[in-house]
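Participant:
Protein chains: 2
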Amino acid sequence: MRSVETTREQLLTIAVEMFAANGFAQTSLRAIAKQAGVSPALLVHHFGTKDALIKEAMAITLGHWVADEKAAMLDDESNQLSHWQTVMAKGATPLNFFRQVLLAGGEYSQRLFAAAVSESESLLEQMKSAGRLRDVKDPKTTALMLTLSGLGSVLFMDHIEKILGGSIASEPVAKKLMNANNQMLQEGIFVPSSSNEKEAGN
Amino acid sequence: MRSVETTREQLLTIAVEMFAANGFAQTSLRAIAKQAGVSPALLVHHFGTKDALIKEAMAITLGHWVADEKAAMLDDESNQLSHWQTVMAKGATPLNFFRQVLLAGGEYSQRLFAAAVSESESLLEQMKSAGRLRDVKDPKTTALMLTLSGLGSVLFMDHIEKILGGSIASEPVAKKLMNANNQMLQEGIFVPSSSNEKEAGN
DNA sequence: AAAATTACTGAACAGTTGTTTAGTATTTGA
DNA sequence: TCAAATACTAAACAACTGTTCAGTAATTTT
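Those protein sequences? They're chains A and B, same order as listed. The first sequence begins at 29 in the numbering used here and counts up by one. The second sequence begins at 29 in the numbering used here and counts up by one.
(1) If you scan the region 33-90 of chain B from start to end, which runs of the alpha helix (DSSP H) of 4 or more residues do you find wholly inside it?
(2) Verify whether the separation of the beta carbon atoms of residue 164(A) and residue 217(B) is less than 9 Å.
(3) Assess contact between the region 182-189 of chain A and the region 131-148 of chain B, defined as three or more Cβ pairs (one per stretch) separated by less than 8 Å. Is contact present?
(4) With a threshold of 9 Å between beta-carbons, can residue 104(A) be considered close to chain B, or not?
(5) Could you check whether residue 206(A) and residue 112(A) sit closer than 9 Å to each other, using their CB atoms as the reference points?
(6) Which residues of chain A have a Cβ atom closer than 9 Å to the Cβ of residue 73(B), listed in chain order?
(7) Beta carbons nearer than 7 Å to chain B: which residues of the region 73-90 of chain A have them?
(8) Rounded to a whole number of angstroms, what is the C-alpha to C-alpha distance between residue 91(A) and residue 148(A)?
(9) Please compile the residues from chain B whose C-beta is within a distance smaller than 7 Å of the C-beta of residue 166(A).
(10) Ignore the nearest five residues each way along the sequence and tell me which others in residue 52(A)'s own chain have a CB closer than 8 Å to its CB.
(11) Could you pull out every unbroken alpha helix (DSSP H) segment of at least 4 residues lying fully inside the region 129-192 of chain B, listed in chain order?
(12) Looking at C-alpha atoms only, which residue of 84(B), 155(B), 67(B) and 58(B) is the closest neighbour of residue 214(B)?
(13) Any beta carbon of chain A sitting closer than 9 Å to that of residue 197(B)?
(14) The alpha helix (DSSP H) spanning residue 110(B) covers which residue range?
(15) By a C-beta neighbour count over all protein chains shown, 10 Å radius and 16 as the cutoff for buried, is residue 107(B) buried or exposed?
(16) Where residue 63(A) and residue 70(B) are concerned, what is the direct C-alpha to C-alpha distance, given to the nearest angstrom?
(17) Cβ closer than 7 Å: which chain B residues qualify as neighbours of residue 187(A)?
(18) By Cβ distance below 6 Å, which residues in the same chain neighbour residue 36(A) in space, the five residues on each side in sequence not counted?
(19) Using a Cβ-Cβ cut-off of 9 Å, state whether residue 118(A) counts as contacting chain B.
(20) Taking 9 Å as the cut-off, decide whether the C-beta atoms of residue 180(B) and residue 176(A) are in contact.
(21) With a threshold of 8 Å on Cβ separation, who are the neighbours of residue 93(A) within its own chain once the five nearest residues in sequence on each side are excluded?
(22) Should residue 184(B) be flagged as near chain A, meaning a C-beta pair shorter than 9 Å?
(23) Just the chain A side, please: which residues come within less than 7 Å of residue 52(B) by C-beta, in chain order?
(24) Could you check whether the Cβ of residue 97(A) sits closer than 9 Å to any Cβ belonging to chain B?
(25) Using CA coordinates, which residue listed in 130(B), 97(B) and 134(B) is at the minimum distance from residue 118(B)?
(26) Taking the alpha carbon of residue 152(B) as the point to measure from, which residue in 182(B), 191(B) and 171(B) has its own alpha carbon closest?
(27) Sort 80(B), 204(B), 169(B) and 138(B) by Cα distance to residue 150(B) and report the nearest one.
(28) Which same chain residues, not among the five before or five after residue 229(B), have their C-beta less than 6 Å away from its C-beta?
(29) So residue 216(A) contacts chain B; which residues on that side make the cut at Cβ distance below 8 Å?
(30) Just how far apart, CA to CA, sit residue 209(B) and residue 99(A)?
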């Protein structure tokens with residue numbers, strides 16, 4: 029054999045890129061094989077089925093991401109902008125891949141979402157112990173809301189870029205988003221009306 | 029002919045439901061025809077192509093929604109919860125349909141997103157003239173952020189329900205979300221740190 | 001009532017899909 | 001060096017896709 033593990037890895041890398049760019053259902057084994065200059069049957073030989081290939085692609089991409097993310101968190105906790113740019117510096121592929129995972133639904137989507145929520149929760153806890161969190165009444169739901177806008181910005185990347193007129197990775201666009209977000213989350217933007225000043229009972 | 033417009037309308041209704049439930053690409057003409065008890069060729073006869081059917085389904089669903097939404101806005105502007113329940117009372121189909129439109133990407137997705145953003149913008153303006161808006165530095169980007177969490181909650185409906193343990197249409201879950209959202213948007217949740225108390229320059 | 005139009009079907013076409021099979025080349029282990 | 005295992009391919013299968021075609025039934029128009 030010419031170079032077992034290397035060919036397999038190459039195939040996996042190409043698959044991840046193509047899945048990230050076009051989605052799982054829209055990427056055929058034939059297309060991946062063609063891009064790799066290889067016969068479709070070889071993909072089956074190495075991975076068994078398309079589903080298995082997808083799962084392996086998910087596992088490896090999520091694994092890398094989590095590792096990198098943890099490193100980045102320990103590294104630089106306070107500067108959002110530089111963290112954001114660190115994330116984007118990894119290139120569009122992993123972010124787009126996650127986008128596709130979320131879009132595809134199913135088990136991995138569920139897991140990814142849950143992981144994002146719990147990351148938000150631990151962020152809130154960190155902020156709390158740093159004395160930078162106000163008295164949040166419902167931390168879990170709050171974390172969920174934070175997750176929604178966070179993942180929303182990943183999912184709607186293209187739309188955002190069209191509206192703000194620039195790459196989401198670029199400094200001006202990233203700053204715009206962060207400033208708006210910071211104002212919302214630090215000062216609030218709405219003045220309570222008399223009717224819903226108190227929280228609705230439940 | 030047995031009842032021209034009626035058959036066409038029935039087909040369209042079934043198509044909308046199936047698209048909403050399973051997505052556009054995942055719903056074949058044969059499946060729609062089977063559900064309708066009709067031959068696949070009849071769909072082609074009435075709509076020409078699948079794409080045309082999809083576009084017609086989009087046009088009619090978006091049209092109905094916008095009309096209903098405008099009526100609801102004039103009707104009851106202040107009570108978020110009852111508005112939310114009005115929205116949900118229309119049933120899951122239109123909301124899921126929009127979800128699929130957003131997921132599918134493309135032109136209609138773009139339009140829908142842009143419409144949602146501009147609706148958020150006009151909400152901000154309304155709030156401002158009602159004296160219920162703080163001094164927002166970047167209303168456009170702020171409207172965009174609001175849109176992200178709004179559409180996010182539509183896209184991730186299933187995940188949210190799994191985490192909060194109940195239908196998103198139910199009163200307790202809806203209240204949870206709204207209370208967390210209100211606190212965030214009215215009081216803010218983060219205390220500014222010294223380093224990013226001032227907005228980052230650009 | 002005859003003619004024209006419209007509603008509708010069954011069968012097939014051509015393309016794509018994931019996967020299988022049978023076989024060849026290449027590499028490894030003994 | 002010989003045998004076993006692995007890497008890899010060409011061709012085909014079966015299932016599915018959107019769409020076409022030829023034809024029949026029902027309805028409208030004249």
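Quick reminder that beta carbons are idealized off the backbone N, C-alpha and C, glycines included. Remember, predicted model here, so these are calculated numbers, not experimental data.
Facilitator: Taking the coordinates as given:
(1) With a minimum length of 4 residues, the continuous alpha helix (DSSP H) runs that stay inside the region 33-90 of chain B are 57-64 and 68-75.
(2) On the first sequence, position 136 is the one that residue 164(A) refers to. On the second sequence, position 189 is the one that residue 217(B) refers to. Yes, Cβ-Cβ distance for residue 164(A) and residue 217(B) is below 9 Å.
(3) Yes, the region 182-189 of chain A touches the region 131-148 of chain B.
(4) Residue 104(A) sits at position 76 when you count from the first residue of the first sequence. Residue confidence for residue 104(A) is low, a pLDDT of 49 falling below 50, so the modelled location carries little weight and cannot support an answer.
(5) The sequence position of residue 112(A) within the first sequence is 84, counting from 1. The sequence position of residue 206(A) within the first sequence is 178, counting from 1. Yes; because the gap between Cβ atoms is below 9 Å, this pair is in contact.
(6) Numbered from 1 along the second sequence, position 45 holds the residue referred to as residue 73(B). Counting only Cβ-Cβ distances below 9 Å, residue 73(B) has no contacts in chain A at all, with the closest Cβ about 28 Å away.
(7) For the region 73-90 of chain A, which is checked against every Cβ of chain B, not one residue is closer than 7 Å.
(8) Taking the first sequence and counting its residues from 1, one reaches residue 91(A) at position 63. Taking the first sequence and counting its residues from 1, one reaches residue 148(A) at position 120. So the alpha carbons of these two residues sit roughly 19 Å apart.
(9) Locating residue 166(A) in the first sequence gives position 138, counting from the first residue. Identification of chain B residues near residue 166(A) by a Cβ-Cβ cut-off of 7 Å yields 204, 207 and 208, ordered along the chain.
(10) If you number the first sequence from 1, residue 52(A) lands on position 24. Leaving aside the five residues that flank residue 52(A) on each side, the residues in its chain whose CB is nearer than 8 Å to its CB run, in chain order, 82, 128 and 132.
(11) Within the region 129-192 of chain B, the complete alpha helix (DSSP H) runs of at least 4 residues are 134-157, 167-183 and 185-192.
(12) As a first step, residue 214(B) is located in the second sequence; it is residue number 186 there, counting from the start. Put simply, of 84(B), 155(B), 67(B) and 58(B) the residue whose alpha carbon is nearest the alpha carbon of residue 214(B) is 155(B).
(13) Walking along the second sequence from the start, residue 197(B) turns up at place 169. Answer no: the Cβ-Cβ gap between residue 197(B) and chain A never drops below 9 Å.
(14) Your numbering for residue 110(B) matches position 82 in the second sequence. From DSSP, the alpha helix (DSSP H) with residue 110(B) extends over 108-117.
(15) The residue given as residue 107(B) occupies position 79 in the second sequence. By the 10 Å Cβ count, residue 107(B) comes out exposed.
(16) As a working note, residue 63(A) is residue 35 in the first sequence. As a working note, residue 70(B) is residue 42 in the second sequence. Cα to Cα, residue 63(A) sits roughly 39 Å from residue 70(B).
(17) Counted from its first residue, the first sequence places residue 187(A) at position 159. Under a criterion of Cβ atoms nearer than 7 Å, the residues of chain B adjacent to residue 187(A) are, in order, 138 and 141.
(18) Start at 1 with the first residue of the first sequence, and residue 36(A) comes out as number 8. Only 74 meet the Cβ criterion.
(19) Against the first sequence, residue 118(A) aligns to sequence position 90. No, residue 118(A) lies away from the interface with chain B (no Cβ there is under 9 Å from its Cβ).
(20) One-based indexing of the second sequence puts residue 180(B) at position 152. One-based indexing of the first sequence puts residue 176(A) at position 148. Yes, these two residues count as a Cβ contact at 9 Å.
(21) Looking up residue 93(A) in the first sequence gives position 65. If we look at residue 93(A) and ignore the five residues flanking it on each side, its Cβ neighbours are 122 and 126.
(22) Numbered from 1 along the second sequence, position 156 holds the residue referred to as residue 184(B). Residue 184(B) has a beta carbon lying within less than 9 Å of a beta carbon in chain A.
(23) Your numbering for residue 52(B) matches position 24 in the second sequence. Within 7 Å Cβ-Cβ: nothing; residue 52(B) doesn't reach chain A, min ~11 Å.
(24) In the first sequence, the residue the question calls residue 97(A) occupies position 69. So no, residue 97(A) is outside the interface.
(25) For the purposes of this step, residue 118(B) is identified with residue 90 of the second sequence, where counting begins at 1. Between residue 118(B) and the set 130(B), 97(B) and 134(B), the nearest pair of CA atoms involves 97(B).
(26) One-based indexing of the second sequence puts residue 152(B) at position 124. Closest by alpha carbon: 171(B).
(27) Mapped onto the second sequence, residue 150(B) falls at position 122. The residue with the shortest Cα to Cα distance from residue 150(B) is 169(B).
(28) Within the second sequence, the letter at position 201 stands for residue 229(B). In this prediction, residue 229(B) has a pLDDT of 45, which is less than 50 and means its spatial position is unreliable; what the coordinates show is noted afterwards. Result list for residue 229(B): empty, nothing under 6 Å.
(29) The sequence position of residue 216(A) within the first sequence is 188, counting from 1. Chain B residues near residue 216(A): 162, 212, 213, 214, 215 and 216.
(30) Here residue 209(B) corresponds to residue number 181 of the second sequence, with the count starting at 1. Here residue 99(A) corresponds to residue number 71 of the first sequence, with the count starting at 1. Going from the Cα of residue 209(B) to the Cα of residue 99(A) covers about 31 Å.
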